[in-house]
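Beneath this line is the structure, given in structure tokens, with notes to follow.
There are 4 protein chains.
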Amino acid sequence: MNLKGLRKPVGPHSNCSHLARRLWDSRYVSDLEELRDRMRAFTLARDWEKFHDPKSLLLALVGEVGELSELFQWLPADQARELTQTDSLKTRVSEELSDVLLYLVRLADVMDIDLANAARRKMDLSESRFAAENFRGVAPEKK
Amino acid sequence: MNLKGLRKPVGPHSNCSHLARRLWDSRYVSDLEELRDRMRAFTLARDWEKFHDPKSLLLALVGEVGELSELFQWLPADQARELTQTDSLKTRVSEELSDVLLYLVRLADVMDIDLANAARRKMDLSESRFAAENFRGVAPEKK
Amino acid sequence: MNLKGLRKPVGPHSNCSHLARRLWDSRYVSDLEELRDRMRAFTLARDWEKFHDPKSLLLALVGEVGELSELFQWLPADQARELTQTDSLKTRVSEELSDVLLYLVRLADVMDIDLANAARRKMDLSESRFAAENFRGVAPEKK
Amino acid sequence: MNLKGLRKPVGPHSNCSHLARRLWDSRYVSDLEELRDRMRAFTLARDWEKFHDPKSLLLALVGEVGELSELFQWLPADQARELTQTDSLKTRVSEELSDVLLYLVRLADVMDIDLANAARRKMDLSESRFAAENFRGVAPEKK
């Protein structure tokens, strides 16, 4: 999906300027930018920037990964997905996944890293590094 | 930001239909949906779905959190941000943040969870749970 | 310290047999073997062996590492030690450290690994790999 | 097991003094104290105490837990044990388990916590909290 065109404003004086304006605005649909902005505002409003150095955020993220793990740890691996599709467990998994994401987004922001673009680049790398024809059905081994 | 308006198509017969069409398409700008779709296609093309049960994905995520931690572990906490702003370290941090994100996105997909919406709901919860006026400058304590 | 000699009983008919007996018993001083045996008996008594495959134990360990992290995450790094020396926090840190240790001991047992000997060998490796004269004051860099 | 008797030297002039000496030495059999002392000496010899604040040690531990996870992540859960019993994989698992243990031991030392005793107390707690008759075959649920 090429989004480049979308991200340039259309001439504001055309008859369609109202749509053009909304189109321009729509670049803000980015989930990750939206969450980044909310986390940033949330942090500022509470004067919590002082807590958000990278190592602290990383430990907070580890805490949330731990909570996520606790939801799955004793489930039989081949039924783990099914057994967590109940409303109550799915809600808890959603919340822990969200907590991990929110600290990740915040850590990227503190580091001044564009997380969506970084992830796109990483996908490009993985796609070329693990050529589908060579890795079909074979898990990549860690060096 | 209310995006509801953007997600409804504008009448296709207006003079501005070309813009309207692009506006409609723009709902797909969602980063997280884009990354989810790429991870899904990446997995399918390599026949790796069989590896992607929740517990395995979670351990893979833990592996990436570990790699991220290694980049920060011995840095003085109050200089950690600055010391990782060199091109080389920032690239490595970007890659590890991306790896964590991609496994998180994949885990959410396997669990059939809409990660962006889950994170929005979690932010709503946090905003009401930690009222700014009560938590100004005070880190939330874990029960 | 070579303990091999200690682990063989001394002839029981010598005049010193009372000491020899105590010497033989003393091989049980091993903390890690004691904890391993207690965890093994604890698991058996509850019929929990079925839950203790390596991946499940690893996720349980991750859960405990997460709880440990939550105790430290927002503390200023250079005061983290002091601020957790209160009775209440030190007790909680002790409990979380213990939980991590106990799952680690259990995982080693399930894997049929002698954890104390493995750790001694790893120390030997580190002592030769990081020669004191070359690494004085310099944190080892991850490749 | 009462070890107090063992920790007092037996009169050195008895005929059994060679055994008494070995018995006295055996109080050092405590694995965790031995590893703690070696890690402490290792750190001092390299002037690395300055790196060993709790948050840094915790991130180092997370790094090692990550490396351990990478060895298991894609293995089928019910074969994970067997598939890691090859010489090469078992050695790697041993090394990663050791790394986690060594950072844990070091963190406990920095915190001035007697890890073996803390773990014994935690086992006492778990044994009373999870009465065998109530938890037979049922994994404990996280609140």
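Protein chains in written order, with my numbering: chain A, 10 to 152; chain B, 10 to 152; chain C, 10 to 152; chain D, 10 to 152.
Note that the Cβ used here is the ideal one computed from N, Cα and C, for glycine as well.
Note that this is a predicted model, so its numbers are computed, not measured.
Please report the distance separating the alpha-carbon of Gln-94 (chain A) from that of Leu-77 (chain C). 28 Å
Host alpha helix (DSSP H) of Val-74 (chain D) (start-end): For Val-74 (chain D), the enclosing alpha helix (DSSP H) stretches over residues 63 to 81.
Should Val-74 (chain A) and Leu-70 (chain B) be called a contact, given that it needs their Cβ atoms to be closer than 8 Å? yes
Helix, strand or coil, according to DSSP, for Met-48 (chain D) in the structure here? helix
Please report the distance separating the alpha-carbon of Arg-129 (chain A) from that of Glu-150 (chain A). 22 Å
What residues of chain A sit near Ala-86 (chain D), judged by a beta carbon separation below 7 Å? Residues of chain A with a Cβ closer than 7 Å to the Cβ of Ala-86 (chain D) are, in chain order, Ala-86.
Does the CB of Thr-93 (chain A) have a neighbour CB from chain B at under 8 Å? yes
Quick check on the DSSP output: the alpha helix (DSSP H) that includes Leu-84 (chain D) runs from which residue to which? Leu-84 (chain D) -> no alpha helix (DSSP H), and no H or E assigned at all.
Asp-123 (chain D) to Phe-51 (chain C) span [Cα, whole Å]: 22 Å
Closest to Asp-133 (chain B) by CA distance: which of A:Ser-107, A:Lys-64, A:Lys-99 is it? A:Ser-107
With a threshold of 16 other CB atoms inside 10 Å of the CB of Ala-140 (chain A), please say whether the residue is buried or exposed. exposed
Distance, Asp-121 (chain D) Cα to Ala-86 (chain B) Cα: 22 Å
May I ask you to report which of helix, strand or coil DSSP gives Val-147 (chain D)? Correct three-state label for Val-147 (chain D): coil.
For Val-147 (chain B), count neighbouring Cβ atoms within 10 angstroms of its own Cβ and tell me buried if that reaches 16, exposed if not. exposed
For Glu-42 (chain B) and Glu-105 (chain A), the rounded distance between their alpha carbons: 19 Å
Three-way DSSP call (helix, strand, coil) for Gln-94 (chain D) in this model: DSSP, reduced to helix, strand and coil, places Gln-94 (chain D) outside both helices and strands of the structure shown, so it counts as coil.
What does Leu-53 (chain A) reach in chain C if we use C-beta pairs closer than 8 Å? Below the 8 Å Cβ cutoff, chain C contributes no neighbours of Leu-53 (chain A), its closest Cβ being approximately 16 Å away.
Minimum Cβ-Cβ distance from Glu-150 (chain A) to chain B less than 8 Å: no
With a 10 Å radius around its C-beta and 16 neighbouring C-beta atoms as the bar for buried, classify Lys-131 (chain D) as buried or exposed. buried
Just tell me which of B:Leu-98, B:Ala-54, B:Leu-80, B:Asp-46 has its CA closest to the CA of Ser-137 (chain A). B:Ala-54
Provide the residue span of the alpha helix (DSSP H) that contains Ser-39 (chain B), from first to last. Premise fails: Ser-39 (chain B) is in no alpha helix (DSSP H) and is neither H nor E.
Is the CB of Glu-104 (chain A) under 8 Å away from at least one CB in chain B? At least one chain B Cβ lies under 8 Å of Glu-104 (chain A).
So Ser-39 (chain C) and Ala-127 (chain C) are supposed to be a Cβ contact under 8 Å. How far apart are they, rounded? No, Ser-39 (chain C) and Ala-127 (chain C) are not in contact; Cβ-Cβ is about 13 Å, not under 8 Å.
What are the start and end residues of the alpha helix (DSSP H) that includes Lys-59 (chain D)? No alpha helix (DSSP H) holds Lys-59 (chain D); DSSP gives it neither H nor E.
With 8 Å as the threshold, decide whether the Cβ of Glu-76 (chain D) is near any Cβ in chain G. Annotation note: the requested chain G is absent from the structure, which comprises protein chains A, B, C and D.
Looking only at C-alpha atoms, which of C:Arg-115, C:Glu-79, C:Asn-143, C:Gln-82 sits nearest to Arg-47 (chain C)? Nearest to Arg-47 (chain C) by C-alpha distance, out of C:Arg-115, C:Glu-79, C:Asn-143, C:Gln-82, is C:Arg-115.
For Lys-59 (chain C), is the classification buried or exposed, using 16 other Cβ atoms within 10 angstroms of its Cβ as the cut-off for buried? exposed
Report the option in D:Phe-81, D:Asp-118, D:Val-119 whose CA atom is closest to the CA atom of Ser-103 (chain D). D:Phe-81
Cβ-Cβ distance between Ala-89 (chain A) and Lys-64 (chain B) below 8 Å: yes
Considering only residues of the same chain and omitting the five flanking positions on each side of Leu-84 (chain D), which have a CB-CB separation below 8 Å? Leu-92, Thr-93
For a contact defined as C-beta to C-beta under 7 Å, what are the partners of Glu-79 (chain B) on chain D? For Glu-79 (chain B), the chain D residues whose C-beta falls within less than 7 Å of its own C-beta are Gly-72, listed in chain order.
DSSP on Ala-140 (chain D), reduced to helix/strand/coil? It is coil, neither helix nor strand.
Neighbour-count burial assignment, His-22 (chain C), 16 or more Cβ in a 10 Å radius: No answer about His-22 (chain C) holds up, because its pLDDT of 45 lies below 50 and its placement is not dependable.
In whole angstroms, give me the CA-to-CA distance for Arg-101 (chain B) and Arg-145 (chain D). 47 Å
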